[in-house]
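In my numbering, the protein residues as written are 1 to 160.
Here it is as structure tokens:
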């Protein structure tokens, strides 16, 4: 503490106008700095609040988009499962048809081999009637058609 030159007691505080004015000036300067600091902190707080609101909005937007993506993925998975079931239902008849055609083809092929073998061995009378020739030609056409259908079914199965 400074002592006032006008005081009679040198150790007493001085309340002279110059000292009070100097202390007042120091307090006003400190107060001004504190006000500037408060203003700066308030500006910073307001900026952080606006950033927080912006981030909250972005988070809600991303959350909504993520939920929609999850829903779309679930719907797509369900649709895929339905399509797989439909595909299995559609291919089952083709496989059964192919088995039936193959069986028919094998039976006809076996029968024709026996007919050829009989002809070679001479067990038939050699003179076929025109009706038998027509039936034989029809059977050959049926076998050829069945063979083509079987090949087509096999190709389609291998392509899948």
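Ideal placement from N, C-alpha and C gives every residue a C-beta, glycine not left out.
Let me know the secondary structure DSSP gives residue i once reduced to three states.
i, result
"residue 16", "coil"
Determine the closest residue to residue i out of the options, with distance taken between C-alpha atoms.
i, options, result
"residue 141", "113, 105, 116, 60", "105"
"residue 103", "32, 91, 147", "147"
Inter-stretch contact (C-beta, 8 Å, three-pair minimum) for the segment 65 to 80 and the segment 101 to 120 | no
Below 8 Å, can you find three or more Cβ-Cβ pairs linking the segment 84 to 101 to the segment 146 to 154?
-> yes
Hey, which unbroken runs of the beta strand (DSSP E) at 3 residues or more fall wholly within the segment 15 to 85?
-> none
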